[in-house]
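The listed protein sequences correspond, in order, to chains E and V. If you read the first sequence in my numbering, its first letter stands for residue 916, the second for the next number, and so on. If you read the second sequence in my numbering, its first letter stands for residue 23, the second for the next number, and so on. Reading through the C-alpha cells given below for one structure.
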Amino acid sequence: MENRPLEYDYSVSKLFIYTSLGIGFVGMLVGVIIAWEMAFPAINTIFGDGAIAEYTNFSRLRVLHTDSVIYGFVLSGVWATWYYVGQRVLKVSMAESKTLMYVGYAHFWIYLFAAVVLVISLLMGITQSKEYAEFEWPLDLGITTVWLLWGASIAGLIGLRREKTLYISIWYYIATFLAVAMLHLLNNLAIPTYYASNGIGAWYHSVSMYAGTNDALVQWWFGHNAVAFVLTTPIIAMIYYFLPKESGQAIYSYKLSLLSFWGLMFIYLWAGGHHILFSTVPDWVQTLGSVFSVILILPSWGSAINMLLTMKGEWQQVASNPIIKFMVMGSTFYMFSTLEGPIQAIKSVNAIAHFTDWIIGHVHDGALGWVVFMIMGAVYHMIPRLYGREIYSKKIMATQFWIQTLGIVLYFTSMWIAGITQGMMWRAHDEFGNLAYSFIDTVTVLHPYFVIRAVGGTLYLIGFAMFIYNVVMTARNGRRVEASELHNTTPMAD
Amino acid sequence: MFHWLEKNPFFFALAVFATIAFAGLVEIIPNFAQSSRPLIGTTPYSTLELAGRHVYIKNSCNACHSQLIRPFKSETDRYGDYSLSGEYAYDRPFLWGSKRTGPDLMRVGNYRTTDWHENHMWDPEKVVPGTIMPAYRWMFVNNTDVDTAYAEMITVEKFFGVPYNKPVPMKDGSTKTIKMADTLHQARKDALAEARIIVKDMKHQDVIDAVEVGRIPEIVALIAYMNSLK
C-alpha cells in the first residue's frame, strides 16, 4: 500500500467534461444564432411570427447564451478540472472516501437538473433581469445547494490530504468557492411575493431587497466579480496546474504567484463601480471603481507573465505542442483583455465605450481567447490520462486552433470598430449644436460589423465542434498508451 | 506568514474571505439610506404599469434598451433630463441595462404615444426603417399576469413601506395617490380600468375585443408601463 501510486477516481470529472462539451456547444450555438439575428433581423422570426417566435427571439435567447456559456460550459469545465486536479495535488483519491464519492455525484446530478430547469425557465421568460443573476429564488436555492456540495468536496479532499501544503491551484479554487458564495447570496436577496401576499400570483416570483441605485450597485458588485471568480480565478487555477504539467517546466516564480494571488483578491472586489460610471451611484464609488480597475492590471499581468516565463527556454514547445499553444495563447489573451478592461474603465473612455459593442468585444476576447482556450487545453491534457489513450488527432487540434484564433480576431476587431463608431456618432453634434445623427443612423451603420462578428463566431463554433469530435474520438478510438507515456507532453497521433 | 497559511486551509480561507469581503461593505453601505430616498414627483407603479414592467422584464427588453441617461449634452439632447437617483426609488429590480442596441427608454413616455408603440411592437421595420428590432406579436395574444403584479404591490408595501394609498408629493406642490386594491378581485378590476384607457388609442381589433371581455393582452400592460416612463 505505502509505495503504490494512488489510483485516482475520475468518474465525476468525466461527467463534468461531457456536460461541459454539450452545454458549451449549445451555448455557443445560441450565441452564433443571435449574432446572425443582429446582422439579419429576419432570422428572429425564421419559424414564423406566431407563438413560436417568442422562443426564437433575440431577447429570450441572449440570456440563454450568456448563462449557458458561463454557468453551463465554464462551471462544468471548472469542476471537471477540480475533480481531476484536486485529487492529484492534494495526493488523495476520491475513492478513499465513500462520502466524497456521494458528494461528487450529488454535486453533478443536482447541477445537471438545475441546468435543465434553468434553460426552460429562461426560455419561458422567468427572470429577475439582473445580468448573470437572472434566476428566480427557487433556482437560486438550487444553485446554493450545488455550490455547497462543491464546498463539501473541497473541504473533504483537503481534510484527507497527504500533501500538507496547498498548491497554488487550490488557493484559486478556494477563493472561487468563497467569493461566488458571498456574491450569489447577497445579490439575490429577494422576497417571494407569493408567500408575502398569502398565495397570490406566480409562486416563483420575487422582488429584490434593493431598489434602484442600490440594486444597481449591488448587482454590479456581483456582476463584475462573478466575472472575476467564475471566468478568471478558476481558470488561473487550471493554468497553474496544466501548463507546468504539460510543459514539464516549473512555475517561474513563487513570489510572483503570491503577489498576484493576494493582489487579485484585494483589488478585484473594488472595481465593480466601473460598470456604472456616470450613473446615479455616488461619485466616489465610481472613482474608486475606475482607479482600482487600473491597479488591477498589476496582479492580472503578474499571473500572465508568470505563466509566459514558465515557458522560458522551452518556447519550441509552443510550435510543437498544440496544447501548449492553447495555453500560451490563452495567457496572451488574458493579458490583452486585462489591459483593455482597465482602459474602458477610465472615465473619459467609458463615456464613449459604455452601452456599445466594444464592451461585448472585450467580454469575448477574454471569454473566447482566455477562458475557452484554457478549458480546451485542460480537457486535451486530461482526456488521454482519464482513458489511457493518446489524442486522436494532432492535426485537428492545430487546425482548430487557427480557425478559432481567426474567429476571435474577427470578433473583437469588428466589435471595436462598431463600438467606437457608435459611441462617437451618439455624441456628434453638427455646426448648429444639434445632434448630428438620429439613433437609427447609428444602428444601420453597424451592419457590416455585425456580419463580420457573426462570421467570427461561426468560425469559433466550427472549431469547437472539431474539439468535441477530437475529444470523443480520443476517448473511444485513441491508441492505448502506457502510464509512463503520460508524464508530461500529452501523446498525440498525427 | 504565507507559508503558514498554505499549510492551514481553514485560516487560509478565512484570510481570503477577509480580503475579498470588505470592499463591498465599504462601497455599498455608506450611501445606502440616501440612495433609497424617492425624488419629489416620483410615484410607485400602478397595478397595470407594474404588470407591464413584468412584461418588459420577461422579454429582456433591458438586454437592448437602457434606462439611464448620463449627464452629457448628447444624451440630454436625445433623451431628456439626465437620471437622478431618487427617480429609481421604486424600481425593484433596477432596469438600467448595460447595452444600447436600441435607444434609451428612461423618459420614453414623454415623446412616444400608445399608437406609436402599438404599431412599433407589431412591425418595427414599418415604423423605423432599417431597425434591427424584431416584432413582438405574441404580446398581442398572451394575457397579462395581473395577479403577480398585485402580489408584488402587497409585498413592497408591507416590507419596504412603498406609499400605496398614501398622498405622494408632486413637483407642483400637489399630491397624487396611487391606489392599491384591498382584494385580488378589486386589483383585477383596477387593472382592467387602466387597460380600457390605453386601448382607446389602439386599433388592433383583437386587443380591443379582449379588453372588452375582461382580458388584458400583454401589449396593453407594456404600453401602460412605457407611458409611465417620464
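By construction, the Cβ of each residue, glycine as well, lies at the ideal position given by its N, Cα and C atoms. Note that the coordinates shown come from a computational prediction; the quantities given were computed from them, not determined experimentally.
> Which whole-angstrom value is the C-beta distance of residue 1089(E) and residue 1069(E), which I expect to be below 8 Å?
Replying inline: Position 174 of the first sequence, counted from the first residue, corresponds to residue 1089(E). Position 154 of the first sequence, counted from the first residue, corresponds to residue 1069(E). Indeed, because the Cβ distance is near 7 Å, the residues count as touching under 8 Å.
> Can you find a C-beta in chain B that's less than 9 Å from the C-beta of residue 213(V)?
Replying inline: Looking at the structure shown, chain B is missing, and the protein chains on hand are E and V.
> Based on the DSSP secondary-structure assignment, which residues constitute the bridge partners of residue 1106(E)?
Replying inline: As a first step, residue 1106(E) is located in the first sequence; it is residue number 191 there, counting from the start. Assignment of beta-bridge partners to residue 1106(E) by DSSP yields 1122(E).
> Can you name, in chain order, every residue of its own chain whose Cβ lies under 7 Å from the Cβ of residue 1222(E), other than the five neighbours on each side?
Replying inline: Start at 1 with the first residue of the first sequence, and residue 1222(E) comes out as number 307. Cβ within range, chain order: 1154, 1158 and 1246.
>> Residues of the stretch 1365 to 1397 of chain E in Cβ contact with chain V at a cutoff of 7 Å, in chain order, please.
In response: The residues in question: there are none.
> Would you call the stretch 1287 to 1302 of chain E and the stretch 1377 to 1396 of chain E in contact, with 3 or more CB pairs under 8 Å?
Replying inline: Under the Cβ criterion (8 Å, minimum of three pairs), the stretch 1287 to 1302 of chain E counts as touching the stretch 1377 to 1396 of chain E.
>> Starting from residue 198(V), trace the beta strand (DSSP E) in both directions and tell me its first and last residue.
In response: As a first step, residue 198(V) is located in the second sequence; it is residue number 176 there, counting from the start. Segment 197 to 199, the beta strand (DSSP E) holding residue 198(V).
> Since residue 232(V) contacts residue 76(V) with CB under 8 Å, what's their CB separation in whole angstroms?
Replying inline: Here residue 232(V) corresponds to residue number 210 of the second sequence, with the count starting at 1. Here residue 76(V) corresponds to residue number 54 of the second sequence, with the count starting at 1. A Cβ-Cβ distance of about 18 Å is found for the pair residue 232(V) and residue 76(V), leaving them out of contact under the 8 Å criterion.
> Name the chain E residues whose beta carbon is nearer than 8 Å to that of residue 106(V)?
Replying inline: Start at 1 with the first residue of the second sequence, and residue 106(V) comes out as number 84. Within 8 Å Cβ-Cβ: 1195.
>> I need the DSSP call for residue 188(V), collapsed to helix, strand or coil.
In response: What you label residue 188(V) is simply residue 166 of the second sequence in a count that begins at 1. Annotated three-state conformation of residue 188(V) is coil, per DSSP.
> What is the DSSP secondary structure of residue 121(V), counted as helix, strand or coil?
Replying inline: As a first step, residue 121(V) must be located in the second sequence, where it is residue number 99. In the three-state reduction of the DSSP assignment, residue 121(V) falls in the strand class.
>> Which residue wins for smallest C-alpha separation from residue 1266(E), given the options 65(V), 239(V) and 92(V)?
In response: One-based indexing of the first sequence puts residue 1266(E) at position 351. Among 65(V), 239(V) and 92(V), the Cα nearest to that of residue 1266(E) belongs to 92(V).
>> For residue 972(E), count the other beta carbons within 10 Å of its own beta carbon; 16 or more makes it buried, fewer makes it exposed. Which is it?
In response: Working through the first sequence from its first residue, we reach residue 972(E) at position 57. Buried, because 16 or more other Cβ atoms sit within 10 Å of the Cβ of residue 972(E).
> Any idea which residues DSSP pairs residue 165(V) with across the strands?
Replying inline: To locate residue 165(V), count along the second sequence from 1; it is residue 143. Answer by DSSP bridge pairing, in chain order: 239(V).
> Going by other Cβ atoms of all chains shown within 10 Å of its Cβ, with 16 needed for buried, is residue 1290(E) buried or exposed?
Replying inline: Locating residue 1290(E) in the first sequence gives position 375, counting from the first residue. With 16 or more other Cβ atoms within 10 Å, it is buried.
> With contact counted as at least three CB pairs below 8 Å, one residue from each stretch, are the stretch 990 to 1005 of chain E and the stretch 922 to 935 of chain E in contact?
Replying inline: In short, these stretches touch, since the Cβ pair count reaches three.
>> Along the stretch 39 to 52 of chain V, where does the CB come closer than 9 Å to a CB of chain E? Name the residues.
In response: Only those residues of the stretch 39 to 52 of chain V whose C-beta falls short of 9 Å from the nearest C-beta of chain E are listed: 39, 41, 42, 43, 44, 45, 46, 48, 49, 50 and 52.
>> Using only the alpha-carbon positions, how far apart do residue 44(V) and residue 1028(E) sit?
In response: Along the second sequence, one-based indexing puts residue 44(V) at 22. Along the first sequence, one-based indexing puts residue 1028(E) at 113. Roughly 34 Å between the two C-alpha positions.
> When you compare each of 1060(E), 1104(E) and 1182(E) to residue 1030(E) by their alpha carbons, which one comes out closest?
Replying inline: Counting from 1 along the first sequence, the entry for residue 1030(E) is found at position 115. For the residues 1060(E), 1104(E) and 1182(E), the minimum Cα distance to residue 1030(E) belongs to 1060(E).
> What are the start and end residues of the alpha helix (DSSP H) that includes residue 1134(E)?
Replying inline: If you number the first sequence from 1, residue 1134(E) lands on position 219. DSSP places residue 1134(E) in the uninterrupted alpha helix (DSSP H) bounded by 1127 to 1146.
> Is the stretch 942 to 960 of chain E touching the stretch 972 to 982 of chain E in the sense that three or more CB pairs, one from each, lie closer than 8 Å?
Replying inline: Enough Cβ pairs lie closer than 8 Å, so yes.
> Taking the alpha-carbon positions, what's the residue 161(V) to residue 1231(E) distance?
Replying inline: Against the second sequence, residue 161(V) aligns to sequence position 139. Against the first sequence, residue 1231(E) aligns to sequence position 316. The alpha-carbon separation between residue 161(V) and residue 1231(E) amounts to approximately 59 Å.
> By the criterion of Cβ-Cβ separation under 7 Å, what are the contact partners of residue 1131(E) in chain V?
Replying inline: For the purposes of this step, residue 1131(E) is taken as residue 216 along the first sequence, with counting starting at 1. For residue 1131(E), the chain V residues whose Cβ falls inside 7 Å of its Cβ are 116 and 118, in order along the chain.
> Looking at the structure shown, is residue 953(E) part of a helix, part of a strand, or coil, going by DSSP?
Replying inline: Start at 1 with the first residue of the first sequence, and residue 953(E) comes out as number 38. Residue 953(E): helix per DSSP, three-state reduction.
>> Per the DSSP calculation, residue 1344(E) is bridged to which residue(s)?
In response: Reading the first sequence from its first residue, position 429 is the one you call residue 1344(E). For residue 1344(E), which the question treats as bridged, DSSP gives the partners 1350(E).
> Listed in chain order, which residues of the stretch 1198 to 1222 of chain E have Cβ atoms closer than 7 Å to some Cβ of chain V?
Replying inline: For the stretch 1198 to 1222 of chain E, which is checked against every Cβ of chain V, the residues closer than 7 Å are 1200 and 1203.
>> Please report the distance separating the alpha-carbon of residue 106(V) from that of residue 1149(E).
In response: Within the second sequence, the letter at position 84 stands for residue 106(V). Within the first sequence, the letter at position 234 stands for residue 1149(E). Roughly 38 Å between the two C-alpha positions.
> So, do the stretch 1235 to 1254 of chain E and the stretch 1304 to 1321 of chain E have three or more beta carbon pairs nearer to each other than 8 Å?
Replying inline: Result yes; three or more Cβ-Cβ pairs closer than 8 Å.
> Apart from the five residues just before and just after residue 1401(E), which ones in its own chain have a Cβ nearer than 7 Å to its Cβ?
Replying inline: Taking the first sequence and counting its residues from 1, one reaches residue 1401(E) at position 486. Excluding sequence neighbours, residue 1401(E) sits near 1299 and 1300.
> Which same chain residues, not among the five before or five after residue 1002(E), have their C-beta less than 7 Å away from its C-beta?
Replying inline: The residue given as residue 1002(E) occupies position 87 in the first sequence. Cβ within range, chain order: 923, 1008, 1009 and 1072.
> What span of residues does the alpha helix (DSSP H) with residue 1281(E) cover, start to end?
Replying inline: One-based indexing of the first sequence puts residue 1281(E) at position 366. Unbroken alpha helix (DSSP H) run through residue 1281(E): 1272 to 1281.
>> Check whether chain E comes within 9 Å of residue 170(V), counting only Cβ atoms and requiring the distance to be less than that.
In response: Here residue 170(V) refers to the residue found at position 148 of the second sequence. Yes, residue 170(V) counts as interfacial toward chain E.
> What does residue 1106(E) reach in chain V if we use C-beta pairs closer than 8 Å?
Replying inline: For the purposes of this step, residue 1106(E) is taken as the residue at position 191 of the first sequence. Per Cβ cutoff of 8 Å: 177 and 181.
> How would you write the range of the alpha helix (DSSP H) that residue 95(V) sits in, first residue to last?
Replying inline: Indexing the second sequence from 1 puts residue 95(V) at position 73. Its alpha helix (DSSP H) spans residues 95 to 101.
> How is residue 1300(E) classed by DSSP in three states: helix, strand or coil?
Replying inline: For the purposes of this step, residue 1300(E) is identified with residue 385 of the first sequence, where counting begins at 1. Helix, per DSSP.
> Quick one, which of 1324(E), 1252(E), 1369(E) and 1144(E) has its alpha-carbon nearest residue 990(E)'s?
Replying inline: Counting from 1 along the first sequence, the entry for residue 990(E) is found at position 75. Of 1324(E), 1252(E), 1369(E) and 1144(E), the residue nearest in Cα terms is 1144(E).
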